[in-house]
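Asker: Protein chains in written order, with our numbering: chain A, 1482 to 1883; chain B, 10 to 180; chain C, 815 to 1205.
From the three backbone atoms N, C-alpha and C, an ideal C-beta is built for every residue, glycine too.
From a predicted model like this one, the values you see are computed outputs, not experimental measurements.
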Amino acid sequence: MIGFYQFSNQVKIVAGKDSINDLAKEMALLGARNILIISDQNLQNLGYVKKIKSVVATNTKLRVNAVYVNVKRGSSKQTIEEAYTLFRDNSCDSIVACGGGSVINTAECLKLMLATKTKNLEQVYGVNSAVKLEEVPFGAIPTTVGGGCDIAQIANILDETGKSSHEIISEVMQPDVCILDPTFVMSLPEERLLLGGMEMLFDSAAIYLDKSYNPISNNYALYCIRNIVKMMNKYRQTGKFDEEVCLMLQESGVLAGMAVTNISGGIAHAITNSICDCTTAYHNLVLALVFPKCLAYSKDREGARYTKLLQYSVSHERFRSIDSSNYADAFIELVEETVSIILEKYNLPKNLRELGVTDEMLEQIASITCSDSSLISSGRWYTTTDVCNILKECMGDEQCQK
Amino acid sequence: MKRRYISKTARIKKYNCIVQSYIYASGVKACYKYDSRVRQIFDEMPDGYDLVVGVLEHRHAAVITKLSDGLHCKIVVDYVPSNKCIQIMFKNMDSCTLVLKNYVSFFQAYAQGRFVTYGDNAIAVKFIKAFMIVQCYLSSISKRKAHIKDALPLEVKPAVIKSRVLFRGLL
Amino acid sequence: MSKIVDNSVKFIVGERALENLPYEIRLAGCSKPMLVCDDMSYRLGLKKSVLKAFNGSGMDIEFIDQKVGDVATCDDVERIIKEYNSSSCDCMILLGKKSVVSVGKASKIMIKDGSFVVAQYDGKALSDLSVKEVPLFIITAYFGCGIECSNKVRIYSKDQKTIYEFDSIYAQTDAVVIDERMTDIMPPKSIASYGLFALAMAVDGYIKSDERIYTKPYSMTSIEILSKNLMKGILHNADKNARKELLTAVVVAGCGYFLIEKQLLAVVSDVISDRYKVNHANIMAILFRHYIKMTKFNKDMLGELLPSFVSVEEYAQIGDEHAAEAVLHKINSLYEQVGEYVDYNKSLKDFHIDKSDFPTIAEEVIASVDAKDRTDEYSYSFIINLLEEAY
Chain A
1482 MIGFYQFSNQ VKIVAGKDSI NDLAKEMALL GARNILIISD QNLQNLGYVK KIKSVVATNT
1542 KLRVNAVYVN VKRGSSKQTI EEAYTLFRDN SCDSIVACGG GSVINTAECL KLMLATKTKN
1602 LEQVYGVNSA VKLEEVPFGA IPTTVGGGCD IAQIANILDE TGKSSHEIIS EVMQPDVCIL
1662 DPTFVMSLPE ERLLLGGMEM LFDSAAIYLD KSYNPISNNY ALYCIRNIVK MMNKYRQTGK
1722 FDEEVCLMLQ ESGVLAGMAV TNISGGIAHA ITNSICDCTT AYHNLVLALV FPKCLAYSKD
1782 REGARYTKLL QYSVSHERFR SIDSSNYADA FIELVEETVS IILEKYNLPK NLRELGVTDE
1842 MLEQIASITC SDSSLISSGR WYTTTDVCNI LKECMGDEQC QK
Chain B
10 MKRRYISKTA RIKKYNCIVQ SYIYASGVKA CYKYDSRVRQ IFDEMPDGYD LVVGVLEHRH
70 AAVITKLSDG LHCKIVVDYV PSNKCIQIMF KNMDSCTLVL KNYVSFFQAY AQGRFVTYGD
130 NAIAVKFIKA FMIVQCYLSS ISKRKAHIKD ALPLEVKPAV IKSRVLFRGL L
Chain C
815 MSKIVDNSVK FIVGERALEN LPYEIRLAGC SKPMLVCDDM SYRLGLKKSV LKAFNGSGMD
875 IEFIDQKVGD VATCDDVERI IKEYNSSSCD CMILLGKKSV VSVGKASKIM IKDGSFVVAQ
935 YDGKALSDLS VKEVPLFIIT AYFGCGIECS NKVRIYSKDQ KTIYEFDSIY AQTDAVVIDE
995 RMTDIMPPKS IASYGLFALA MAVDGYIKSD ERIYTKPYSM TSIEILSKNL MKGILHNADK
1055 NARKELLTAV VVAGCGYFLI EKQLLAVVSD VISDRYKVNH ANIMAILFRH YIKMTKFNKD
1115 MLGELLPSFV SVEEYAQIGD EHAAEAVLHK INSLYEQVGE YVDYNKSLKD FHIDKSDFPT
1175 IAEEVIASVD AKDRTDEYSY SFIINLLEEA Y
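(1) Could you tell me which residues DSSP puts in a beta bridge with P1623 of chain A?
(2) From L943 of chain C to V1816 of chain A, what distance separates their C-alpha atoms?
(3) Please state if the CB of I961 of chain C and the CB of A920 of chain C are separated by a distance shorter than 8 Å.
(4) Assuming G910 of chain C contacts D852 of chain C (C-beta within less than 8 Å), just tell me the rounded distance between them.
(5) Quick one: is S1848 of chain A buried, meaning 16 or more other Cβ sit within 10 Å of its Cβ, or exposed?
(6) Please list the terminal residues of the continuous alpha helix (DSSP H) segment that includes E1725 of chain A.
(7) In or out: M10 of chain B buried (at least 16 other Cβ within 10 Å) or exposed?
(8) To be precise: take each residue of the stretch 1829-1852 of chain A, compare its Cβ to all Cβ atoms of chain B, and keep it if any distance is under 9 Å. Which residues remain?
(9) Q121 of chain B to S1693 of chain A, Cα distance in whole Å?
(10) Between B:V62, B:A70 and B:F124, which lies nearest to A1611 of chain A when the distance is taken from Cα to Cα?
(11) Quick check: the Cα distance between I1650 of chain A and A1636 of chain A, rounded to an integer number of angstroms?
(12) Rounding to the nearest angstrom, what Cα-Cα distance links D1723 of chain A and G1484 of chain A in this structure?
(13) Using CA coordinates, which residue listed in C:E833, C:F1102 and C:A842 is at the minimum distance from L1596 of chain A?
(14) Sorted by chain position, which residues of the same chain lie with C-beta nearer than 7 Å to L1101 of chain C's C-beta, five sequence neighbours on each side aside?
(15) With distance defined between alpha-carbon atoms, name the residue in B:M102, B:N111, B:K100 and B:V64 nearest to Y88 of chain B.
(16) Is F1488 of chain A close to chain B? Criterion is C-beta to C-beta, closer than 8 Å.
(17) From F1011 of chain C to K1600 of chain A, what does the alpha carbon distance come to, in whole angstroms?
(18) Using only the alpha-carbon positions, how far apart do K1542 of chain A and A1509 of chain A sit?
(19) Residues of chain C with a CB under 7 Å from the CB of E1798 of chain A: which are they?
(20) I137 of chain B touches chain A at which residues, Cβ-Cβ below 7 Å?
(21) Do I1519 of chain A and F825 of chain C count as a contact pair if the criterion is CB distance below 8 Å?
(22) Excluding five sequence neighbours on each side, which residues of the same chain lie with their C-beta closer than 6 Å to the C-beta of A1016 of chain C?
(23) Answer yes or no: does any C-beta atom of chain C fall closer than 8 Å to that of A1636 of chain A?
(24) Tell me, please, whether the CB atom of A131 of chain B is closer than 8 Å to any CB atom in chain A?
(25) Around the C-beta of G859 of chain C, are 16 or more other C-beta atoms found within 10 angstroms, so that it is buried, or is it exposed?
(26) Mind checking who G63 of chain B pairs with in its DSSP beta bridge?
(27) Between I1748 of chain A and D1503 of chain A, which are expected to be in contact by the criterion C-beta below 8 Å, what is the C-beta distance as a whole number of angstroms?
(28) Alpha carbon to alpha carbon, what distance is there between L1790 of chain A and I1813 of chain A?
(29) How would you list, in chain order, the residues of chain A whose beta-carbon sits under 9 Å from the beta-carbon of I826 of chain C?
(30) Interface residues of chain B around H1647 of chain A at Cβ under 8 Å?
(31) Does DSSP put F51 of chain B in a helix, in a strand, or in coil?
(32) With the cut-off set at 8 Å, would you say V1626 of chain A and C1579 of chain A are in Cβ contact?
(33) For chain C, check one thing: does any of its Cβ atoms lie closer than 8 Å to the Cβ of I15 of chain B?
(34) Does any residue of chain B have a CB that is nearer than 8 Å to the CB of N834 of chain C?
(35) On a CA-only basis, which of B:R153, B:A118, B:K83 and B:N101 is nearest Y31 of chain B? Give me that one, please.
(36) Let me make sure I understand the geometry here. Which of C:Y956, C:H1143, C:T1109 and C:D1114 has the alpha-carbon closest to that of A1253 of chain C?
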């Protein structure tokens, strides 16, 4: 194989308790003056938008010219175009986004349009096709925890029907600064935080198992796994998600995001993306249901690589107690055990059938999966039959299990 | 317009890229006739849909157009993109040569960021899969095994595709 | 107090990586690069390789400066700024030794603030006055220098008696290109020194970056690469891949190390290299072997590096309570293995450093750091002990 790889992360991280107070200084350093705040109704009702406005007001050079809070779940072309119109009409020159994946995605796509001076979002569809023509300062304040989508170079936009999504990959869309303030995520329910932590774990494992050789990405993924394990140990000690644990969780998300180059995921993510397109389920929950089965399915081919993941997932003593011929199985068991504890504790669906996926939907999901870009780096040719077999394993039917 | 000096080596590389792109476009056309997976991918596209393969900043590109009577391929100078096209543009001549001479698979090239795509990524991924199939037909056995470890089932013998490319595509 | 990490470097590594540079320059919105290199790069044919990579890409190098000497001086910086402005370039490509990288980064900071004379520059870079953004691209050559991704720059006056230090986020590099064609001149002795230098940066960077977790994976990557390729690079010098991997290890280790606060090891190496005009990397590699036994560190943190050093089988044999010792043992054995095959400079004596200068060196080290930034290690006795051990 011709050895070649790239690793890029253009985001400045400001992390810590009350780091939101650094927002004004960071935006001023980037040359911002007139800010558009993007968020959603829920966060506005929680007072986050007001908080950001008060922080921005501490710097006399900055002004909030407009606020856009109409982002719904799953950013769409219409939402982005509305935000674009608001940006232009209010003579803004910079963006601050406060919210979950949809809000940050919307802001990223808006930045992409502004930086490339295009009025039509379709002109920037593609992979790394955008060339930066203008600087548009962009600060992101994530309020959820997940696989680091806040700083990754990938955005997913729903089309007009709301049923399928377009993927845009570009370095130009990344935020310039990302503020990780644990107080913004502490209000999330515990199950969301735990599922978010698991999502990061699975994202990191998927990045490591990716066939393309990228040692920097791999080490970011392994370090993220180690950090999540430390976070879980801390959580078990304290019994709650306090500031320190939340900050560790956010930082793990950033590490996972940094590990993502322009390809990640593999079969588990491809299936998850397809199921999320067809249902209204949360990405992290679907991934939790699908990932262990995908690991078991790929064990014959990739089992040797599970060893390294196991090394970073368990303590040294526990690793030593495992027989060397069982490393792959031990990793799969660990993942299944972790998932089942969390699903049991919060009474969440334990398989795809309980989630609302029917047998009739399997073919459609398999067909969408086979055209997902996450599959490309898996180094394996998946047919719809292969994907259907994995989906049947995840359905939870007794007779389908081997 | 400023006239740039291009060395003889660079000019040969450039023409090489154009020829290789055309060979691949012909390969796609041949596989459309014989391989059901490639046919399925292209049949999903509306008539008049273009698939463009070239190198960034180069004027020449190979264009595969889907029409009602099948696929047509040609070399186009200064292609003007429309909203019914996908462009797969290699970042430089070396990347183009490495991929189109089968040293690097299309899947690896996508993961390594050797090319950029313009247009809907979901459709671009399908075309990349089509190119992967074409690459398996046009590669030697060892390269085919290196590119995709699982045997990608070939619906016809590679010699059929290669001879069709040679005689119908080039001659 | 917020933790801030600003590390926005892009790495492009591998075969034919150089040919990707025109695309990266276009991506940054530029089209008129200026190439800054030294005379050695021209004589070794590295400059020719760069020009070949641009040929046929639709972009030309607008201006070439190949007069940077072995030491980064104010004259070089001022000349580069003048040439950059007069030839209306919009980005810089740096190719060459540490001096070229230092000169390029200093020029970038000063162009951004519209300054022209180094001696009069009063550090306006951190203000929000933005005159010009200068994208910077570095093509690593020879063995790298570790400061490719650093925000810290040192420029010398012409007589090398005055040192101007910059520490600014505006010195950041946009992209670092690591191409194996740039590694043709890597003899085993230099591989040994630079490999151990990378090891020093990686381990010291890992154990000292308590809060900055985002830089630790760089250290892990560097150690993993060194464990597999250091001896290969020395014993099978013709293996281009091993040489390219070692160059990557130096650059990546430097990325992790110089993004955190400047550590004692780096300060002592700087002082000695300025005083005796010797290579900073060699000094650091020598000092590290003894420093790691003397310094206080979190044992658990050092133990975390064990998977990067050893294979899975070895990892399973070693007990958790012995992980830190195993890492120290591995570091020591790497030094010994390298020493068995290559006669590299192993002590300060080999550089003709006078023992009677140790007190002056120690005082200089302590004086060069602000009192509020000094850790417990910045004590006279510690530094003298370290120097004596390394002698």
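Answerer: On the basis of the data shown:
(1) Translated into the one-based positions of the first sequence, residue 1623 of chain A becomes position 142. According to DSSP, P1623 of chain A bridges with A:G1580.
(2) Here residue 943 of chain C refers to the residue found at position 129 of the third sequence. Here residue 1816 of chain A refers to the residue found at position 335 of the first sequence. For L943 of chain C, the predicted structure reports a pLDDT of 49, less than 50, and the residue's modelled location is therefore unreliable. The matter cannot be settled from this model.
(3) Numbered from its first residue, the third sequence carries residue 920 of chain C at position 106. Numbered from its first residue, the third sequence carries residue 961 of chain C at position 147. Their beta carbons are not under 8 Å apart, which means A920 of chain C does not touch I961 of chain C by this criterion.
(4) Counting from 1 along the third sequence, the entry for residue 910 of chain C is found at position 96. Counting from 1 along the third sequence, the entry for residue 852 of chain C is found at position 38. Rounded, the Cβ-Cβ distance is 4 Å, consistent with contact.
(5) Translated into the one-based positions of the first sequence, residue 1848 of chain A becomes position 367. The residue in question, S1848 of chain A, is exposed, as its Cβ has fewer than 16 Cβ neighbours within 10 Å.
(6) Taking the first residue of the first sequence as position 1, residue 1725 of chain A is located at position 244. Where E1725 of chain A is concerned, the enclosing alpha helix (DSSP H) starts and stops at E1724 to A1740.
(7) One-based indexing of the second sequence puts residue 10 of chain B at position 1. In this predicted model, M10 of chain B has a pLDDT of only 49, less than 50, meaning its place in the structure is not dependable; the value taken from the coordinates is given anyway. That one is exposed.
(8) Legend: CB atoms of the stretch 1829-1852 of chain A lying less than 9 Å from CB atoms of chain B belong to residues I1849, C1851 and S1852.
(9) As a first step, residue 121 of chain B must be located in the second sequence, where it is residue number 112. As a first step, residue 1693 of chain A must be located in the first sequence, where it is residue number 212. Their backbone Cα atoms lie some 7 Å apart in a straight line.
(10) If you number the first sequence from 1, residue 1611 of chain A lands on position 130. The shortest C-alpha separation from A1611 of chain A is found at B:F124.
(11) Locating residue 1650 of chain A in the first sequence gives position 169, counting from the first residue. Locating residue 1636 of chain A in the first sequence gives position 155, counting from the first residue. Taking the straight line from one Cα to the other gives about 7 Å.
(12) By 1-based counting over the first sequence, the position of residue 1723 of chain A is 242. By 1-based counting over the first sequence, the position of residue 1484 of chain A is 3. Roughly 44 Å separates the two Cα atoms.
(13) Numbered from 1 along the first sequence, position 115 holds the residue referred to as residue 1596 of chain A. According to the sequence provided, residue 1596 of chain A is Ala. The question's Leu does not apply to it. Comparing Cα positions, the closest option is C:A842.
(14) Stepping through the third sequence from its first residue, residue 1101 of chain C is reached at position 287. So the qualifying residues of the chain are L1079, V1082, S1083, L1200 and A1204.
(15) Here the question's residue 88 of chain B lines up with position 79 in the second sequence. Comparing Cα-Cα distances from Y88 of chain B to each of B:M102, B:N111, B:K100 and B:V64, the minimum goes to B:V64.
(16) Counting from 1 along the first sequence, the entry for residue 1488 of chain A is found at position 7. No, its Cβ sits nowhere closer than 8 Å to a Cβ of chain B.
(17) Along the third sequence, read from residue 1 onward, the residue named residue 1011 of chain C stands at position 197. Along the first sequence, read from residue 1 onward, the residue named residue 1600 of chain A stands at position 119. If you take the alpha carbons of F1011 of chain C and K1600 of chain A, they lie about 50 Å apart.
(18) Within the first sequence, residue 1542 of chain A is the residue found at index 61, counting from 1. Within the first sequence, residue 1509 of chain A is the residue found at index 28, counting from 1. When rounded, the distance between both Cα atoms is 7 Å.
(19) Position 317 of the first sequence, counting from 1, holds the residue named residue 1798 of chain A. Neighbours of E1798 of chain A on chain C, chain order: D1134.
(20) Residue 137 of chain B sits at position 128 when you count from the first residue of the second sequence. Within 7 Å Cβ-Cβ: I1857.
(21) For the purposes of this step, residue 825 of chain C is taken as residue 11 along the third sequence, with counting starting at 1. For the purposes of this step, residue 1519 of chain A is taken as residue 38 along the first sequence, with counting starting at 1. No; because the gap between Cβ atoms is not below 8 Å, this pair is not in contact.
(22) As a working note, residue 1016 of chain C is residue 202 in the third sequence. So the list reads S1033, S1036, I1037 and A1067, once near-sequence residues are dropped.
(23) Numbered from its first residue, the first sequence carries residue 1636 of chain A at position 155. No Cβ of chain C is located within less than 8 Å of the beta carbon of A1636 of chain A.
(24) By one-based count along the second sequence, residue 131 of chain B stands at place 122. Yes - at least one Cβ of chain A is within 8 Å of the one on A131 of chain B.
(25) By 1-based counting over the third sequence, the position of residue 859 of chain C is 45. Within 10 angstroms of the beta-carbon of G859 of chain C lie fewer than 16 other beta-carbons, which makes it exposed.
(26) Residue 63 of chain B sits at position 54 when you count from the first residue of the second sequence. Assignment of beta-bridge partners to G63 of chain B by DSSP yields B:A70 and B:M98.
(27) By one-based count along the first sequence, residue 1748 of chain A stands at place 267. By one-based count along the first sequence, residue 1503 of chain A stands at place 22. About 40 Å separates the beta carbon of I1748 of chain A from that of D1503 of chain A, a gap too long to meet the 8 Å contact definition.
(28) For the purposes of this step, residue 1813 of chain A is taken as residue 332 along the first sequence, with counting starting at 1. For the purposes of this step, residue 1790 of chain A is taken as residue 309 along the first sequence, with counting starting at 1. Rounded to the nearest angstrom, the gap between the Cα atoms of I1813 of chain A and L1790 of chain A is 10 Å.
(29) The residue given as residue 826 of chain C occupies position 12 in the third sequence. Chain A residues near I826 of chain C: F1485, Y1486, Q1487, F1488 and S1489.
(30) Along the first sequence, read from residue 1 onward, the residue named residue 1647 of chain A stands at position 166. Chain-ordered, the chain B residues with CB closer than 8 Å to the CB of H1647 of chain A read D129, N130 and A131.
(31) Translated into the one-based positions of the second sequence, residue 51 of chain B becomes position 42. Here F51 of chain B sits in helix by DSSP.
(32) If you number the first sequence from 1, residue 1626 of chain A lands on position 145. If you number the first sequence from 1, residue 1579 of chain A lands on position 98. Between V1626 of chain A and C1579 of chain A, the C-beta gap is not smaller than 8 Å, which leaves the two residues out of contact.
(33) On the second sequence, residue 15 of chain B is found 6 positions in, with the first residue counted as 1. For I15 of chain B, the answer is yes, since a Cβ of chain C falls inside 8 Å of its Cβ.
(34) The residue labelled residue 834 of chain C in the question sits at position 20 within the third sequence. Using a Cβ-Cβ cut-off of 8 Å, N834 of chain C counts as an interface residue toward chain B, since at least one Cβ of chain B sits closer than that to its own.
(35) Numbered from 1 along the second sequence, position 22 holds the residue referred to as residue 31 of chain B. Cα-wise, what sits closest to Y31 of chain B is B:K83.
(36) Lying outside 815 to 1205, the shown extent of chain C, residue 1253 of chain C is not represented and no answer is given.
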